[in-house]
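Accompanying notes for the structure given below.
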Amino acid sequence: MTMKRIGLLTSGGDAPGMNAAIRAVVRTAIYYGMEVYGIERGYAGLMDDEFVRLEMRSVSDIVHRGGTKLRTARCMEMFTKEGQQRAVDALERHGIDGLVVIGGDGSFRGAKALTEGYGIPTIGIPGTIDNDLEYTDYTLGFDTAVNTCIEVINKLRDTMNSHERISVVEVMGRHCGDIALYAGITSGAEIIIVPEIPYDMDDVVMRINRSRENGKHSNIIVVAEGVMSAEQFAKQLQEVTTYSVRSTNIGHIQRGGSPSMADRMLAAQFGNKAVRLLKDGIGNRVVGIHKNEIIDMDIIEAVSMKKKFNYELYETLQMISM
Ligand code: F6P
4 MTMKRIGLLT
14 SGGDAPGMNA
24 AIRAVVRTAI
34 YYGMEVYGIE
44 RGYAGLMDDE
54 FVRLEMRSVS
64 DIVHRGGTKL
74 RTARCMEMFT
84 KEGQQRAVDA
94 LERHGIDGLV
104 VIGGDGSFRG
114 AKALTEGYGI
124 PTIGIPGTID
134 NDLEYTDYTL
144 GFDTAVNTCI
154 EVINKLRDTM
164 NSHERISVVE
174 VMGRHCGDIA
184 LYAGITSGAE
194 IIIVPEIPYD
204 MDDVVMRINR
214 SRENGKHSNI
224 IVVAEGVMSA
234 EQFAKQLQEV
244 TTYSVRSTNI
254 GHIQRGGSPS
264 MADRMLAAQF
274 GNKAVRLLKD
284 GIGNRVVGIH
294 KNEIIDMDII
304 EAVSMKKKFN
314 YELYETLQMI
324 SM
């Protein structure tokens, strides 16, 4: 079946690169002679009929902007049969033949429901800073978020060094430790605390003391939000060390900002691939990147995969950050 009209929405937490992906979807669809309707506010807007026609120029001047032009929402109703039916009714009213959903795990579950339960061809583009989807090596927004964390940690290192302090920095990631792992390795943090590996405060203190004996004047500990807050960790640590401890939560700053080259490149490739699949009448897939190649996979299979932690990278950090 040739698709004439596709819908596009962003859902869940926003991520840098979502706008670049919107642009790639719209421009590719127009290239193939398809019409695109953007749906504002994710699944919530879909149920409330918030459709806007997207033309070539509607997506000008957004490739470099963080956030999402279509805005987004976390929509619990999409997990109910009634909500799903409202979404399907809206898609039918607007004559939408296929849908592109840019979002994370929860958004993909909504897409899976539309595909599995109602036969609507849907393609998922992984857009989340968390990098918590197993089937793809990287999600859109992760690289930019980690770069933002690195910038913050660089600044913290300056002042921690001057005062010979320990900085406990909290990063996001929900239940996944990837932001902490990648930001930790690439900023030279001595210790990372992630949900995937139980921590031992005696070991933390031992590593700090050893680094000081080796001539270090400060320490950076990156804590993933899935373990506890930086404030809580700093409090626990201050009880067992004489070095002065400070805590910082990077918070939503890591979700904003202009996307990095890596995220813009992923956005271009993911958006283009998603529309090419729909054009060929293929739905029910998610796109991703694996071993530097753009891939697509069955949506049901992709959402059922359990995210694995990269223990080798963790060991690398343990060996080189001291
Ligand atoms: O999924 C993206 C994310 O930023 C997570 O890392 C974090 O746990 C959550 O969203 C925060 O959600 P909110 O923006 O609703 O506070």
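Sequential numbering of the sequence shown, starting at 4, is according to our numbering.
Where a beta carbon is used, it is the ideal one built from N, C-alpha and C, also for glycine.
Note that the structure is predicted; figures quoted are calculated from it, not measured.
Asked                                                                                                          : Found
Three-state secondary structure (DSSP) of Gly-120                                                              : helix
Met-21: CB within 6 Å of a non-hydrogen atom of the ligand F6P                                                 : no
Whole-angstrom distance between Ser-165 and Gly-107, CA atom to CA atom                                        : 40 Å
Exercise answer, beta-carbon shell around the ligand F6P heavy atoms below 7 Å                                 : Gly-15, Gly-16, Arg-77, Gly-107, Thr-131, Ile-132, Asp-133, Met-175, Gly-176, Arg-177, Glu-228, His-255 and Arg-258
Sequence-distant residues of the same chain with beta carbon closer than 6 Å to Gly-48, five excluded per side : Ile-42
Neighbourhood of Thr-139 by C-beta, 7 Å cutoff - its chain only, sequence neighbours within 5 removed          : Pro-129, Gly-291, Ile-292 and His-293
Helix, strand or coil at Phe-54 [DSSP, three-state]                                                            : strand
7 Å Cβ cutoff met for Met-325 and Ser-214                                                                      : yes
Beta-carbon separation (whole angstroms), Lys-7 vs Asp-100, contact threshold 8 Å                              : 6 Å
Cβ neighbour criterion (16 or more within 10 Å) applied to Arg-44                                              : buried
Thr-125, DSSP secondary structure in three states                                                              : strand
Alpha carbon of Lys-72 to alpha carbon of Ala-271, nearest angstrom                                            : 16 Å
Reference Met-264; option with closest CA among Arg-30, Thr-147, Tyr-202 and Met-204                           : Thr-147
Endpoints, the alpha helix (DSSP H) within which Cys-164 is located                                            : One detail in the question is off: residue 164 reads as Asn in this sequence, not Cys. Start and end: 145 to 166.
Beta carbon proximity, Gly-284 to chain C, threshold 7 Å                                                       : Looking for chain C here will not work: only one protein chain is present.
Exposure of Lys-276, with buried meaning 16 or more beta-carbon neighbours within 10 Å                         : buried
Residue(s) in a DSSP beta bridge with His-67                                                                   : Bridge partners of His-67: none, in fact.
Burial state of Gly-127 (16 or more Cβ within 10 Å)                                                            : buried
Bridge partner(s) assigned by DSSP for Ser-170                                                                 : Ile-223 and Arg-249
Contact under 7 Å by Cβ, Met-175 with Ile-182                                                                  : yes
Check whether Tyr-40 and Met-81 have beta carbons under 7 Å apart                                              : no
Supposed contact pair Val-226 and Val-149 - C-beta distance, whole angstroms, cut 8 Å                          : So it is not a contact: roughly 15 Å between Cβ atoms.
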